Ligand code: SF4
């Protein structure tokens, strides 16, 4: 029976999905330890709003497929490789038969929240996920002591024989600030390497590289709610309607109050439906488009000369570069007609306050840093930074990708973006952590995968909540790298595709089962509160990390997240003055001089930027084509991304009944003429192939796509888009080119 609201336990927390970080309350029936419903609650950045993921996407935590007992791979299962038949593919070809199979064991007992076994197939079996029946027999159950001892022993052995560079760790933007902080501290202090990274490398690493270079800070200069103070907002490379739905509602609301919305994106049917102007550029042509806008602004004199003179450097070089991009020339590259480019330039140049919000359509390119450099320059030459309604805002993807980056889960920075290669900074962290640290930058996500395939490279990995087998580009290469490791420990809540490669699997806690702080895209630090206990023997992540740290010789004795947070704040000037006690129910923005009485600073850089000289450094960029262009054999451009109902590699949302019911099928979106030219009909199954792989999935004929382009969401294991993508990276941010590679789409019967 459904109990009345008055009999339910209300727990105030934060949505675990996107970087908007909506505040919500979970209502829990304690008689069966189950969430009954979720409701938005008031907070400046969400104002009681929720999208479908926040409102309905919480039942994954109660999935019978939760991991509840530590697992150790059976020796008979070597050589390692993906164990599910549907993803074995190339490894069988490359290495002979993977996973010969061990005897069936108790490792597959049906799970429940209170049960001991790792769930497999009890109740509704979600489609397109790892087949537990097939994979679990390759593992045996272990005690926590045995599993943790094995992890520490093997990582120490690899460290001793291969040196610090043989160890690497992938953390997670799904974990709290405290967990991210402890994880990077373990890799740095425990193993003496900066080889620690997380999925920021796959989303906004290029934006952060450009922002650091340009204004000395990787965080947003204003909030998305500040859009209401803007005369014009450029939203670019962002399907915010699907990926930041509540932020998108602020954009729509601002437009109703008079803000002009200019949307720049190759796809239609998204924010474009709510924009005043949609510049439907060709994929990968952002630099040409924005250089033309700046060309026109300079030609018309619609620039802020005083701001340029007093707040920026290198303007002359920028002006020389954009002089070569008159609208007529750029129009031939980006596909937006010259008159529209001029119109946008005039609207932007005449506005008193302009702001730019961008997503991964800007960042996930081999030119991602150049794309972001153009946005920084555009705001800077028109004086659109440092005042209400102006600024630069990369919409961060995961709920804690801002916080995980702030906490130092990146190979070139200690917490708060303090460079590992700066001697004074290194000394400071050595003093704080009581150990010698590596003075060299570590490897990024993509470099770690590459290194695992090289002699003398990474041999042992600790994977906390990441699933690179689906999320990284060119996953046939990823599978070879994971198979080649000497030792892999995966800490997660489900048997993910990456866990199939593991030697040890540690059952972790979901977001709902622990306390922690999370930092959203606005720089708002909020508390997520524990709703229920982890199932079976699963444990909270920071405790697992601490247990491994102790076993590798670190003298850690943290008693809880708030103590860890206090240590972070000591080392992170941006987080100064914040504490669990003063974050309150709605969190606080950083920087914040007086959190007891203030929500924090909305608009940054009103007087100076965070660069050494206080100026914004303008960096000109030349347009460069993508690394792999369409040709006769692969004539279409593939763009990958997300859907409203699903989240990244699907491990959570595909186990959420409501979300998976609304959106159960992998589809490739294609322009009607491209489909007709190939004799393909809406709804039929088709084959998509690139130089790196082939997948089969359903066709959606859609006017959202431009002629010559197609789009595939990357949530679906059974049609893994990243089998097709290219692993070329941006030279500065090291982010892969998820938004552009050449493919062909054809009927299943085609030769
Ligand atoms: Fe959650 Fe983002 Fe939706 Fe808000 S907009 S409910 S944070 S997924």
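Residue numbers (the working numbering): 995 to 1745. For each residue, glycine too, the CB sits at the ideal point set by N, CA and C. Since the structure is predicted, the reported quantities are computational estimates derived from the model, not experimental observations.
The set of residues with CB atoms less than 5 Å from any heavy atom of the ligand SF4 reads, in chain order, 1009, 1011, 1012, 1014, 1016, 1044, 1045, 1047, 1048, 1239, 1240.
Runs of the alpha helix (DSSP H) lying entirely within the stretch 1492-1547 and spanning at least 4 residues, in chain order: 1535-1545. Shortest Cα-Cα distance from residue 1247 to any of 1279, 1353, 1040 involves 1040.
In the three-state reduction of the DSSP assignment, residue 1012 falls in the strand class. In the structure shown, residue 1401 adopts coil according to DSSP, grouped into three states.
If you draw a 10 Å sphere on the C-beta of residue 1433, you find fewer than 16 other C-beta atoms in it, and that means exposed.
When the beta-carbon positions are compared, residue 1387 and residue 1356 stay at least 8 Å from each other. For the pair residue 1268 and residue 1245, the CB atoms are nearer than the 8 Å cut-off. Using a Cβ distance threshold of 8 Å, residue 1263 and residue 1697 count as a contacting pair. Taken atom to atom, the span from the alpha-carbon of residue 1742 to that of residue 1035 is near 48 Å. If only complete runs of 4 or more residues are kept, the stretch 1107-1193 shows the alpha helix (DSSP H) at 1126-1129, 1138-1156, 1171-1179, in order along the chain. The C-beta of residue 1279 has 16 or more other C-beta atoms within 10 Å across all chains shown, which makes the residue buried.
For residue 1487 and residue 1543, the gap between their C-alpha atoms comes out near 20 Å. Looking from the CA of residue 1408, the closest CA among 1057, 1209, 1191, 1547 belongs to 1191. Spanning the alpha carbons of residue 1158 and residue 1442 requires a straight line of approximately 13 Å. Counting along the chain, the unbroken beta strand (DSSP E) around residue 1683 starts and ends at 1679-1683. About 6 Å separates the beta carbons of residue 1635 and residue 1233, which is inside the 8 Å limit, making them a contact pair. If you draw a 10 Å sphere on the C-beta of residue 996, you find fewer than 16 other C-beta atoms in it, and that means exposed. For residue 1023, the closest alpha carbon among the candidates 1046, 999, 1530, 1013 is that of 999. The beta carbons of residue 1479 and residue 1453 sit about 6 Å from each other, so the pair counts as a contact at 8 Å. Taking 8 Å as the upper bound for CB-CB distance, residue 1702 and residue 1613 are not in contact here, some 31 Å apart. By the Cβ neighbour-count rule, residue 1333 is exposed, with fewer than 16 other Cβ atoms within 10 Å of its own. Residue 1060 is positioned such that its CB atom lies closer than 8 Å to that of residue 1529. Taking C-beta separations shorter than 7 Å and ignoring five residues to either side along the sequence, the partners of residue 1663 in its chain run 1694, 1696, 1698, 1699, 1704, 1705, following chain order.
The beta-bridge partner set that DSSP reports for residue 1067 consists of 1133.
Bounds of the beta strand (DSSP E) holding residue 1230 are 1226-1230.
Two segments are said to touch when three or more pairs of C-beta atoms, one from each, lie closer than 8 Å; by this definition the stretch 1386-1405 touches the stretch 1191-1201. If one requires a minimum length of 4 residues, the alpha helix (DSSP H) runs lying completely within the stretch 1603-1670 are 1651-1656, in chain order.
When 1289, 1354, 1309, 1358 are compared, the shortest CA-CA separation from residue 1324 is found for 1289. Counting C-beta pairs closer than 8 Å gives fewer than three between the stretch 1195-1213 and the stretch 1176-1187, which falls short of the contact rule.
A check of alpha carbon separations from residue 1682 across 1731, 1738, 1709 identifies 1738 as the nearest. Annotation for residue 1327: the continuous alpha helix (DSSP H) segment containing it runs 1321-1328. If you draw a straight line from the Cα of residue 1160 to the Cα of residue 1539, it comes to about 19 Å. Within the same chain, 996, 997, 1002, 1021, 1022, 1023 come within 8 Å of residue 1030 by CB-CB distance, once the 5 residues on both sides are set aside. Close CB contacts of residue 1004 within its chain, under the 7 Å cut and outside five residues either way in sequence, are with 1019, 1021 (chain order).
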